[in-house]
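Asker: This is the structure I want to talk about, given as C-alpha cells.
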Amino acid sequence: MVVLIGLSKYNQILFILTIGPKLFCETEAQALADQLAAQTGLSVGVVNARFAKPLDETLLVAQAKAARLVVTFEDGAVTGGFGTGALEVLAEHGVRTPVLRFGWPDRFVGHATDVKTLRAAHGLAPAQMLAAIKAKLG
Numbered sequence: 068m069v070v071l072i073g074l075s076k077y078n079q080i081l082f083i084l085t086i087g088p089k090l091f092c093e094t095e096a097q098a099l100a101d102q103l104a105a106q107t108g109l110s111v112g113v114v115n116a117r118f119a120k121p122l123d124e125t126l127l128v129a130q131a132k133a134a135r136l137v138v139t140f141e142d143g144a145v146t147g148g149f150g151t152g153a154l155e156v157l158a159e160h161g162v163r164t165p166v167l168r169f170g171w172p173d174r175f176v177g178h179a180t181d182v183k184t185l186r187a188a189h190g191l192a193p194a195q196m197l198a199a200i201k202a203k204l205g
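Position in the sequence shown (first residue = 1) + 67 = this note's numbering.
Structure (C-alpha cells):
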C-alpha cells in the first residue's frame, strides 16, 4: 500500500509506502492517513504497492524528490525489508529526502495478550507512529 500525502497549504508533501496484509495496510494505513490529514492539513490518498520487489524506481524517486519525508510502514522486519529497499533506490539516485521506517525489529518478538499490546511494545501503535511522523515533520 502506498499512502500518498499530497500538497498542503504550504506546498509540502509527505508520502507513506506501506506493504503487508490487507488489514495492516488498508485499514490501519488509511486510519493513519486520515489522522495525518486531519491534524496537518495535508491531502492524503492511499494506493496499493502490492509487492516489495521490484520497486517502481521511477515513481519512488519522483515522489521522494517532491517530498519532505518518506515513511515506510511494513508488517515485517524493518531491517532488510521494504523500507530498506526504498532507501537503497533513493541512495542510488542521489535522493536525500529523509526516510522514517516502521516495522518489526530484527530479533525474536515475544508473545503478547493481543496484537495491539505487541505493536505498542515495539513502537508500532497508530498513536506512536503518528507522533513519530509529526515529530519528524517538525
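Ideal Cβ positions, reconstructed from N, Cα and C, are used throughout, including at glycine.
So LEU103 and LEU197 are supposed to be a Cβ contact under 8 Å. How far apart are they, rounded?
Answerer: 7 Å
Asker: If we count Cβ pairs, one from each stretch, closer than 8 Å, do we get three or more for the segment 183-190 versus the segment 143-159?
Answerer: no
Asker: Can you check DSSP and say which residues form a bridge with THR139?
Answerer: Beta-bridge partners of THR139 (DSSP): LEU84, ARG168.
Asker: In three-state terms, what does DSSP make of ALA129?
Answerer: Three-state DSSP puts ALA129 in a helix.
Asker: Write down the C-beta distance between PHE149 and PHE169 rounded to the nearest angstrom, noting that I regard them as a contact closer than 8 Å.
Answerer: So it is not a contact: roughly 10 Å between Cβ atoms.
Asker: Looking only at its chain, what residues have a beta carbon closer than 6 Å to the beta carbon of VAL145, apart from the 5 residues adjacent to it on each side?
Answerer: ARG168, GLY170.
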